[in-house]
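Undergrad:
2 protein chains.
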Amino acid sequence: MRLSSLFLPSHRALNLLALTSLSLTVHPPHLLAQTLPLPEQLIALNSPAGQNLLRESEAQADFVPLITQYVTQENQAFCGIASMVMVLNSLDLAAPLAPAWNRGYFTQDNLFNAATEAVIPREKIAQQGLTLEELAGILASYPLQVERHHGADVSLEQFRQLIVTNLAEANNFVVVNYLRRAIGQERGGHISPLAAYDADTDQVLILDVSRYKYPPVWVKVEALWNAVNTIDSVSGLTRGIVTVERTTAPHSFRDR
Amino acid sequence: MRLSSLFLPSHRALNLLALTSLSLTVHPPHLLAQTLPLPEQLIALNSPAGQNLLRESEAQADFVPLITQYVTQENQAFCGIASMVMVLNSLDLAAPLAPAWNRGYFTQDNLFNAATEAVIPREKIAQQGLTLEELAGILASYPLQVERHHGADVSLEQFRQLIVTNLAEANNFVVVNYLRRAIGQERGGHISPLAAYDADTDQVLILDVSRYKYPPVWVKVEALWNAVNTIDSVSGLTRGIVTVERTTAPHSFRDR
Chain D
213 MRLSSLFLPS HRALNLLALT SLSLTVHPPH LLAQTLPLPE QLIALNSPAG
263 QNLLRESEAQ ADFVPLITQY VTQENQAFCG IASMVMVLNS LDLAAPLAPA
313 WNRGYFTQDN LFNAATEAVI PREKIAQQGL TLEELAGILA SYPLQVERHH
363 GADVSLEQFR QLIVTNLAEA NNFVVVNYLR RAIGQERGGH ISPLAAYDAD
413 TDQVLILDVS RYKYPPVWVK VEALWNAVNT IDSVSGLTRG IVTVERTTAP
463 HSFRDR
Chain S
213 MRLSSLFLPS HRALNLLALT SLSLTVHPPH LLAQTLPLPE QLIALNSPAG
263 QNLLRESEAQ ADFVPLITQY VTQENQAFCG IASMVMVLNS LDLAAPLAPA
313 WNRGYFTQDN LFNAATEAVI PREKIAQQGL TLEELAGILA SYPLQVERHH
363 GADVSLEQFR QLIVTNLAEA NNFVVVNYLR RAIGQERGGH ISPLAAYDAD
413 TDQVLILDVS RYKYPPVWVK VEALWNAVNT IDSVSGLTRG IVTVERTTAP
463 HSFRDR
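One line per chain: the protein sequences are D and S, in this order.
According to this note's numbering, the residues represented by the first sequence are 213 to 468, in order.
According to this note's numbering, the residues represented by the second sequence are 213 to 468, in order.
Set out below in structure tokens:
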């Protein structure tokens with residue numbers, strides 16, 4: 213490469229500059245790229261490869277119910293809250309009133325009540341997010357059967373089995389608490405629901421609730437197991453998964 | 213029916229009462245059923261039949277991109293705004309700052325700017341929603357190629373062709389403005405994106421943005437065509453569809 217090419221904008225760069233200035237003319241606010249680059253070992257659901265994996269997925273009973281309830285975490289600490297809203301709405305539980313619509317529907321605001329405050333106050337969640345126990349505790353305050361599995365307590369085979377069994381069945385769901393940087397993402401502890409499993413490649417689909425930051429990704433089960441086998445400094449325990457099952461009949465007409 | 217059966221709760225009603233009172237014991241806030249019953253001619257995406265239609269759908273390039281950006285309209289008048297947020301994020305356009313996350317991402321708040329105010333003020337949208345022209349006008353204020361087709365201007369065959377062609381291609385999308393009661397739902401004019409088409413049954417999938425009220429539904433193309441061939445009293449014109457295509461390169465790393 214000639215030295216000058218480092219300084220002279222290429223044809224493509226000039227095009228981008230032209231487009232940028234056009235955009236800036238039309239939209240005075242600063243415009244920003246959406247989402248961060250993915251590490252090579254992760255496959256975006258949106259990519260052709262990611263959509264292929266979904267088509268071939270052997271365990272995806274949870275995919276449509278969950279993704280139709282996909283939400284973005286409302287603030288940096290609400291990954292667990294957003295994950296629970298998705299699960300509670302997917303399970304079609306009787307829901308508290310959502311005042312904006314005057315209907316029953318779980319939101320990242322009306323999920324909270326006296327029972328959840330007793331597990332951990334909302335204000336504290338806004339500061340530090342949720343540990344695996346607190347996540348399970350809030351879910352258990354609803355009429356659900358909840359199981360908690362810390363990374364240190366399950367072998368890779370057990371971890372895979374728990375996930376695959378759950379994803380193959382509708383009306384129960386699995387939420388994962390993992391360390392992002394262990395799978396090559398930025399950066400700390402995170403919580404999101406799982407939606408599908410592909411046996412051929414041994415990968416699982418995370419419906420990442422920070423949609424402003426990352427797309428849903430396929431990740432190797434072993435990589436995710438390593439990422440839950442990390443210590444949460446708040447609890448002093450390893451992260452892990454929570455499985456959730458409805459113990460009452462669905463309340464709406466959605467599945468009839 | 214004996215008169216007494218109108219007053220005596222049935223076995224099923226008693227069961228529902230028992231469930232309700234149990235739930236009320238666990239959760240003091242009033243609990244409500246999610247979503248309304250669907251008319252027989254509509255199939256919920258969530259149902260086994262609805263998921264089968266998706267698996268067999270011949271044109272579903274838009275499904276994954278759109279549903280990963282699924283949002284609920286923030287108030288009763290923002291169906292068009294929510295639909296556009298889904299489309300803009302699915303198209304991966306450079307986005308304004310979303311302050312809650314300090315990243316670029318379209319929301320039902322930062323979508324508005326001086327250019328959209330010139331089409332129709334936000335305050336007016338909050339009162340009366342959007343007409344098809346206003347929907348197209350706001351989209352055209354972004355760097356997009358936008359086409360508007362009123363129901364009165366397209367035959368059933370043209371309507372089907374526009375939808376199927378669009379849904380078979382990624383990176384362009386179609387938003388529909390229809391009269392709910394014409395397809396058996398409650399009740400007025402509504403706007404939502406379309407996500408997939410099934411040729412065998414000639415049905416199209418609407419990703420209804422009022423998720424607190426209805427699930428995504430499969431509807432016959434002819435029924436939807438009839439529902440766009442209705443007069444919007446605000447514009448005095450028929451409803452219809454808007455197609456949207458990106459005119460610039462994607463700005464994020466999502467598809468790379």
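The beta carbon of each residue, even a glycine, is placed where N, CA and C say it ideally should be.
I want to see whether chain S comes within less than 9 Å of D:N254, judged by CB atoms only; does it?
TA: One detail in the question is off: residue 254 of chain D reads as Leu in this sequence, not Asn. No, its Cβ sits nowhere closer than 9 Å to a Cβ of chain S.
Undergrad: I'd like to know whether the C-beta atoms of S:R451 and S:G396 end up nearer to each other than 9 Å.
TA: For S:R451 and S:G396, no; Cβs fall outside 9 Å.
Undergrad: Looking only at its chain, what residues have a beta carbon closer than 6 Å to the beta carbon of D:P355, apart from the 5 residues adjacent to it on each side?
TA: Contacts found: T459 and T460.
Undergrad: Have a look at D:E252 and S:P249 and give me their C-alpha separation to the nearest angstrom.
TA: Roughly 45 Å separates the two Cα atoms.
Undergrad: Mind checking whether S:S295 and S:S404 have CB atoms under 9 Å apart?
TA: Yes. Within cutoff.
Undergrad: Using a Cβ-Cβ cut-off of 6 Å (strictly less than) and excluding sequence neighbours within five positions of D:F318, which residues of its own chain qualify?
TA: Around D:F318: V297, L300, N301 and A307.
Undergrad: Does DSSP classify D:F290 as helix, strand or coil?
TA: Residue state, collapsed to three classes: coil.
Undergrad: Within its chain, find whatever has a CB closer than 7 Å to the CB of S:H361; leave out the 5 residues flanking it on each side and keep chain order.
TA: Within the same chain, S:H361 has close Cβ partners L374, G452 and I453.
Undergrad: Flag this pair as yes or no: are the beta carbons of D:T343 and D:N389 separated by less than 9 Å?
TA: The answer is yes: Cβ separation under 9 Å.
Undergrad: Pull the bridge partners of D:Y390 from the DSSP assignment, please.
TA: D:Y390 is bridged to D:H402.
Undergrad: Using beta carbons (cut-off 9 Å, strictly below), is D:R423 in contact with chain S?
TA: Closer than 9 Å to some Cβ of chain S, the Cβ of D:R423 qualifies, so yes.
Undergrad: Name the chain S residues whose beta carbon is nearer than 7 Å to that of D:L315?
TA: The question names Leu, yet the displayed sequence has Arg at residue 315 of chain D. The answer, in chain order, is L244, Y424 and K425.
Undergrad: Shorter than 9 Å from the beta carbon of D:L436 to some beta carbon of chain S?
TA: Not an interface residue.
Undergrad: Would you verify that the beta carbon of D:I279 is, or is not, closer than 9 Å to some beta carbon of chain S?
TA: At least one chain S Cβ lies under 9 Å of D:I279.
Undergrad: Determine the direct distance from the alpha carbon of D:V433 to that of S:S399, and round the result to whole angstroms.
TA: Checking the sequence shown, residue 399 of chain S turns out to be Arg, not Ser. Distance between the alpha carbons of S:R399 and D:V433 is about 46 Å.
Undergrad: When the Cα atoms are used, what is the spatial distance from S:S422 to S:W437?
TA: Taking the straight line joining both Cα atoms gives about 20 Å.
Undergrad: Hey, is S:P333's beta-carbon within less than 9 Å of any beta-carbon in chain D?
TA: No, no contact with chain D.
Undergrad: Just the C-alpha distance for D:P240 and S:A352, rounded to the nearest angstrom, thanks.
TA: Residue confidence for D:P240 is low, a pLDDT of 44 falling below 50, so the modelled location carries little weight; the figure read from the coordinates is stated next. C-alpha separation (whole angstroms): 16 Å.
Undergrad: With DSSP as the reference, label S:I255 as helix, strand or coil.
TA: In this structure, S:I255 counts as strand in the three-state DSSP scheme.
Undergrad: With DSSP run on the structure shown, which of helix, strand or coil describes S:R432?
TA: Sequence inspection shows Lys at residue 432 of chain S; the Arg mentioned does not correspond to that position. Strand at S:K432.
Undergrad: Quick one: measure Cβ to Cβ for D:I293 and D:I337, integer angstroms, because I've assumed they're closer than 8 Å.
TA: Right, their Cβ atoms sit about 7 Å apart.
Undergrad: With distances taken Cα to Cα, identify the nearest neighbour of S:P363 among S:E268, S:T247 and S:I443.
TA: Pro is not the amino acid found at residue 363 of chain S; the sequence shown has Gly there. The option with the nearest alpha carbon to S:G363 is S:I443.
Undergrad: Listing by chain order, which chain S residues have their CB less than 9 Å from the CB of D:N287?
TA: Near D:N287 (Cβ distances below 9 Å), the residues of chain S are A312 and W313.
Undergrad: If you follow the alpha helix (DSSP H) that D:R334 is in, where does it begin and where does it stop?
TA: That run of the alpha helix (DSSP H) goes R334 to Q340.
Undergrad: Name the one or two DSSP bridge partners that S:H361 has.
TA: Bridge partners of S:H361: S:I453.
Undergrad: List the endpoints of the continuous alpha helix (DSSP H) containing D:V331.
TA: Taken as a continuous stretch (DSSP letters only), the alpha helix (DSSP H) holding D:V331 covers A326 to V331.
Undergrad: Would D:E381 pass as an interface residue toward chain S - the criterion being a Cβ-Cβ separation below 9 Å?
TA: False, the Cβ-Cβ gap to chain S never drops below 9 Å.
Undergrad: Under the DSSP definition of a beta bridge, which residues are partnered with S:I443?
TA: Answer by DSSP bridge pairing, in chain order: S:T450.
Undergrad: In angstroms with no decimal places, state the Cα-to-Cα distance between D:V387 and D:T455.
TA: One C-alpha to the other measures close to 6 Å.
Undergrad: Tell me, to the nearest whole angstrom, how far the beta carbon of S:L473 is from that of S:L417; I am working on the premise that it is less than 8 Å.
TA: Given that chain S is displayed from residue 213 to residue 468, the structure contains no residue 473 of chain S and the question cannot be resolved.
Undergrad: Note down the Cα distance separating D:A245 from D:D420, rounded to an integer number of angstroms.
TA: If you take the alpha carbons of D:A245 and D:D420, they lie about 18 Å apart.
Undergrad: Report the neighbours of D:P428 on chain S: residues whose CB is nearer than 8 Å to its CB, in chain order.
TA: Per Cβ cutoff of 8 Å: T280.
Undergrad: Would you identify the three-state DSSP class for S:V299, choosing helix, strand or coil?
TA: Three-state DSSP puts S:V299 in a helix.
Undergrad: Provide the residue(s) that pair with D:A307 in DSSP beta bridges, ordered along the chain.
TA: In the DSSP output, where bridge partners are listed per residue, D:A307 has S:L244.
Undergrad: Using the DSSP secondary-structure output, state which residues sit across from S:V416 in a beta bridge.
TA: Answer is S:Y409 and S:V431, bridged to S:V416.
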